Amino acid sequence: MNLNNNENIDRTIYKNVNEEGYIKDQSEVKHTWVYKRKLKKQEKQIKKEQKRLEKKKKINMKKEKAKRIFENTREYIMTSLRMEVLAITIICLIISTFSYYFVDRGLRNKISKNVDISYKEEREDIDRKVKNVLGELMDFKQGTTYLEKGDYQHLKNLTKEVYNKNNGTDSSVEQLREFIASKYSLYHNEIKDEEIQKIIQRCNGIESAVEEINKYISSDDFNNIRIKGILNRLLESGNSNVFLTDLDGNIKFKVSNAFVDKVNVYGFINKLYTSGNEEQNEYYAFYPVKILNKNYYLMYNNVLHGEQVVYYTSESKFFASIVAFIVFIIIFLLVTKKKIEYIEYISKSLREISKGNLDYKVDIEGKDELAIVAYDINYMEEQIKDKIEKERRAEKTKNELITNVSHDLRTPLTSVMGYIGLVKEGRYENEKQREEYLNIAYNKAEKLKVLIEDLFAFTKMNNKGAQLNKNRIAINELIRQLIVELEPICEEKNIVIDDKMKKSNIMLEVDGDKISRVFENILSNAIKYSSPKERIEINIEDDEKHCVVSISNKCYDISKDELDKLFDRFYRSDKSRNSSTGGSGLGLAIAKSIVEAHNGNIWASYEKERIFFNVELYK
Numbered sequence: 025m026n027l028n029n030n031e032n033i034d035r036t037i038y039k040n041v042n043e044e045g046y047i048k049d050q051s052e053v054k055h056t057w058v059y060k061r062k063l064k065k066q067e068k069q070i071k072k073e074q075k076r077l078e079k080k081k082k083i084n085m086k087k088e089k090a091k092r093i094f095e096n097t098r099e100y101i102m103t104s105l106r107m108e109v110l111a112i113t114i115i116c117l118i119i120s121t122f123s124y125y126f127v128d129r130g131l132r133n134k135i136s137k138n139v140d141i142s143y144k145e146e147r148e149d150i151d152r153k154v155k156n157v158l159g160e161l162m163d164f165k166q167g168t169t170y171l172e173k174g175d176y177q178h179l180k181n182l183t184k185e186v187y188n189k190n191n192g193t194d195s196s197v198e199q200l201r202e203f204i205a206s207k208y209s210l211y212h213n214e215i216k217d218e219e220i221q222k223i224i225q226r227c228n229g230i231e232s233a234v235e236e237i238n239k240y241i242s243s244d245d246f247n248n249i250r251i252k253g254i255l256n257r258l259l260e261s262g263n264s265n266v267f268l269t270d271l272d273g274n275i276k277f278k279v280s281n282a283f284v285d286k287v288n289v290y291g292f293i294n295k296l297y298t299s300g301n302e303e304q305n306e307y308y309a310f311y312p313v314k315i316l317n318k319n320y321y322l323m324y325n326n327v328l329h330g331e332q333v334v335y336y337t338s339e340s341k342f343f344a345s346i347v348a349f350i351v352f353i354i355i356f357l358l359v360t361k362k363k364i365e366y367i368e369y370i371s372k373s374l375r376e377i378s379k380g381n382l383d384y385k386v387d388i389e390g391k392d393e394l395a396i397v398a399y400d401i402n403y404m405e406e407q408i409k410d411k412i413e414k415e416r417r418a419e420k421t422k423n424e425l426i427t428n429v430s431h432d433l434r435t436p437l438t439s440v441m442g443y444i445g446l447v448k449e450g451r452y453e454n455e456k457q458r459e460e461y462l463n464i465a466y467n468k469a470e471k472l473k474v475l476i477e478d479l480f481a482f483t484k485m486n487n488k489g490a491q492l493n494k495n496r497i498a499i500n501e502l503i504r505q506l507i508v509e510l511e512p513i514c515e516e517k518n519i520v521i522d523d524k525m526k527k528s529n530i531m532l533e534v535d536g537d538k539i540s541r542v543f544e545n546i547l548s549n550a551i552k553y554s555s556p557k558e559r560i561e562i563n564i565e566d567d568e569k570h571c572v573v574s575i576s577n578k579c580y581d582i583s584k585d586e587l588d589k590l591f592d593r594f595y596r597s598d599k600s601r602n603s604s605t606g607g608s609g610l611g612l613a614i615a616k617s618i619v620e621a622h623n624g625n626i627w628a629s630y631e632k633e634r635i636f637f638n639v640e641l642y643k
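Numbering-wise, the sequence shown is residues 25 to 643 according to my numbering.
1) Can you tell me the Cα-Cα spacing of residue 396 and residue 378, whole angstroms?
2) By alpha-carbon positions, which one of 503, 391, 297, 405 ends up nearest to residue 381?
3) Considering only the beta carbon of each residue, do residue 280 and residue 265 sit closer than 9 Å?
4) Nearest-angstrom Cα distance between residue 623 and residue 585?
5) If we call anything under 9 Å between Cβ atoms a contact, is residue 120 one with residue 342?
6) Can you give me the Cβ contacts of residue 530 inside the same chain, cut-off strictly under 6 Å, excluding the 5 residues immediately before and after it?
7) Would you report the Cα separation of residue 254 and residue 147, rounded to the nearest angstrom?
8) In angstroms, rounded to a whole number, what distance separates the CA positions of residue 81 and residue 450?
9) Below 8 Å, how does it come out for the segment 500-518 and the segment 547-567: are there three or more Cβ pairs, yes or no?
10) Determine the DSSP secondary structure at residue 164, reduced to helix, strand or coil.
11) Output the distance between the C-alpha atoms of residue 613 and residue 386, rounded to the nearest integer angstrom.
12) Considering only the beta carbon of each residue, do residue 551 and residue 503 sit closer than 9 Å?
13) Does residue 571 come out as helix, strand or coil in the three-state DSSP assignment?
14) Taking buried to mean at least 16 other C-beta atoms within 10 Å of its own C-beta, is residue 150 buried or exposed?
15) Is the segment 360-367 close to the segment 116-131, with three or more CB pairs under 8 Å?
16) Beta carbon of residue 263, beta carbon of residue 326: below 9 Å?
17) Per the DSSP calculation, residue 309 is bridged to which residue(s)?
18) Per DSSP, residue 413 forms a beta bridge with which residues?
19) Going by DSSP in three states, residue 644 sits in which element: helix, strand or coil?
20) Do residue 434 and the ligand ATP come close, with the Cβ less than 8 Å from some heavy atom?
21) Is it right to say residue 65 is buried, meaning 16 or more other beta carbons lie within 10 angstroms of its own, or is it exposed?
22) What residue does the alpha helix (DSSP H) around residue 557 start on, and which one ends it?
23) Can you find at least 3 beta carbon pairs, one from the segment 572-584 and one from the segment 628-637, that sit closer than 8 Å?
24) Kindly indicate which three-state DSSP category residue 630 falls into: helix, strand or coil?
25) In three-state terms, what does DSSP make of residue 519?
26) Could you tell me which whole beta strand (DSSP E) segments of length 3 or greater appear in the segment 101-153?
27) Here's the rule: buried if 16 or more other CB atoms are within 10 angstroms of the residue's CB, otherwise exposed. What is residue 471?
28) Which residue wins for smallest C-alpha separation from residue 161, given the options 346, 248, 96, 130?
29) Report the residue from 433, 497, 443 whose alpha carbon sits nearest the alpha carbon of residue 528.
30) Could you check the C-alpha separation between residue 125 and residue 357 for me, to the nearest Å?
31) Do you know whose CA, among 270, 589, 630, lies nearest residue 611's CA?
32) DSSP on residue 641, reduced to helix/strand/coil?
33) Which one of 314, 447, 340 has the shortest CA to CA distance from residue 131?
34) Kindly indicate which three-state DSSP category residue 270 falls into: helix, strand or coil?
35) I need the DSSP call for residue 333, collapsed to helix, strand or coil.
36) Kindly identify the DSSP beta-bridge partner or partners of residue 534.
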């Protein structure tokens with residue numbers, strides 16, 4: 025102990041001490057051992073406080089470690105449960121999506137399929153044609169010399185009109201017709217212009233026909249034919265009517281099967297507005313147009329055929345959504361039902377355990393996070409149960425210890441006080457009797473000392489307070505040394521110890537002092553309960569890992585229950601609480617504590633009227 029570092033020690037006790045160990049102040053007749061004793065007491069208090077602080081520190085470290093383990097475990101379980109719920113949700117969503125798709129496809133043709141007639145494309149096509157015709161009419165001009173235009177198809181038709189007008193008598197017209205027909209054919213077959221010119225040179229007799237045709241082209245009849253030809257392009261079917269009227273509705277040109285001479289302009293316009301819906305099958309068109317400086321109305325109406333259109337409503341999607349939602353809920357409940365029931369079962373188990381039923385066990389199902397929770401609950405329950413059991417045993421041990429110590433201390437203490445009282449009161453006949461009383465009191469005090477020392481050693485070993493100072497020693501040589509020390513007692517009782525141990529040393533890593541006490545207690549016990557002229561045998565067996573020391577002596581009629589109780593505190597095989605056989609009743613209990621501190625085993629067995637005490641120690 026370093027005195028310079030311990031401020032709690034009273035340093036004043038060194039101030040007046042001389043070299044001989046006496047106080048300089050001779051008025052106080054005291055020796056330095058008094059102060060040394062005070063120092064030792066303070067030193068013990070300091071060590072005790074240090075141990076208390078170290079123990080508290082270890083407890084706090086264990087608490088922190090347990091708290092960290094609890095937090096980590098809780099976080100792991102919560103994360104795992106979240107991931108599991110997420111996985112279940114994803115699976116349910118996938119299955120419900122498939123159910124939505126198949127239900128929608130299944131109901132689509134039954135409740136959502138609709139067939140309708142669409143006039144949209146037909147209306148757009150007619151609108152386009154009407155506008156094209158309208159454009160041609162707006163661009164219409166008076167005809168002059170049609171040959172210059174190169175429109176051979178019209179000229180071909182025109183020669184036919186002229187030929188019919190002259191009743192087919194004009195040969196020049198016929199020649200012109202043939203010329204136009206041949207040129208038209210050559211033109212469409214992409215024959216070179218040189219070939220066409222050769223044909224024209226062969227047709228020298230057509231000048232008069234051309235002149236006649238030019239006159240006809242400039243006439244109103246030809247204009248009417250041209251306008252009618254343009255209007256013919258709007259003729260779609262037998263149900264269509266095309267009229268070109270003046271501002272009063274008088275029909276000037278018509279392409280129709282209707283036998284009318286005048287059209288009600290306002291009535292037609294009214295029908296135009298009422299038929300503007302795309303779902304109606306009637307089409308009306310009305311446009312003002314100016315042709316050769318004259319104003320006309322272009323009127324067109326037609327009965328549309330329409331196109332069959334298939335479309336689907338959202339009814340199947342609505343039912344599919346409901347089915348998908350129901351499927352999601354059902355699958356989610358089915359998948360989580362077992363876990364929810366297991367969670368409820370765990371909750372019920374916790375309530376049962378909280379009532380104090382520590383024998384209630386939670387069944388572990390599966391290997392998931394809930395199984396870990398169930399395992400931890402069972403583990404916690406076992407720990408609490410063990411702790412309570414240890415506290416009960418400790419309380420029982422304390423009560424038994426107090427009872428037994430009180431009994432074993434009271435008897436010798438009463439004897440000591442009684443004999444000392446006799447001496448003190450002078451109640452003895454002579455000096456010899458006085459000496460006898462004092463010897464008896466001294467022997468009783470020695471027994472008290474042995475009992476207290478054994479009790480202290482036992483308490484220290486059971487409270488894990490003893491530190492093991494292990495060294496490699498020869499266990500057989502240690503036992504032989506004990507045999508030599510116990511020879512006087514054996515000779516006094518006429519008992520022989522038979523050493524059957526190996527000659528070669530058996531080395532063990534043990535605390536020599538404490539292991540020596542183990543075998544000393546066993547041998548002393550064997551000597552104590554052996555009759556004169558009996559033999560105590562000592563044997564030892566070993567292998568690569570451990571060794572077993574066996575000490576046996578003669579014993580009559582001992583039951584299995586008694587064998588199991590031999591290592592209990594204050595147990596004596598004579599079934600009495602008197603101490604006539606000597607000893608404290610703690611010898612074998614101390615031996616067991618020391619062996620177990622070395623991670624060894626000690627047990628008793630009975631065979632052929634001999635009791636064996638076996639000690640197993642590991643190398």
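Where a beta carbon is used, it is the ideal one built from N, C-alpha and C, also for glycine. Note that the structure is a prediction, hence the values are computed from the model and not measured.
In this structure, then:
1) Separation of residue 396 and residue 378 (C-alpha to C-alpha, rounded to the nearest whole angstrom) is 19 Å.
2) 405
3) For residue 280 and residue 265, yes; Cβs fall inside 9 Å.
4) 25 Å
5) no
6) 499, 500, 566, 571
7) 20 Å
8) Each residue's Cα considered, the two are about 59 Å apart.
9) yes
10) coil
11) 38 Å
12) no
13) strand
14) Counting C-beta atoms within 10 angstroms of its own C-beta, residue 150 has 16 or more neighbours from the protein chains shown and is therefore classed as buried.
15) Taking one beta carbon from each stretch, the segment 360-367 and the segment 116-131 have fewer than 3 pairs nearer than 8 Å; the two do not touch.
16) Contact flag set, yes.
17) 324
18) Bridge partners of residue 413: none, in fact.
19) Examination of residue 644 is not possible in this model, given that the chain is present from 25 through 643 alone.
20) No copy of the ligand ATP appears in this structure; indeed no ligand is present at all.
21) Residue 65 is exposed by the Cβ-count criterion.
22) Run containing residue 557: none; DSSP gives neither H nor E here.
23) yes
24) strand
25) coil
26) 137-142
27) Under this definition residue 471 is a buried residue.
28) Closest by C-alpha distance to residue 161, out of 346, 248, 96, 130, is 248.
29) 497
30) 22 Å
31) Answer by Cα proximity: 589.
32) DSSP, reduced to helix, strand and coil, places residue 641 within a strand of the structure shown.
33) 340
34) coil
35) Residue state, collapsed to three classes: strand.
36) 495
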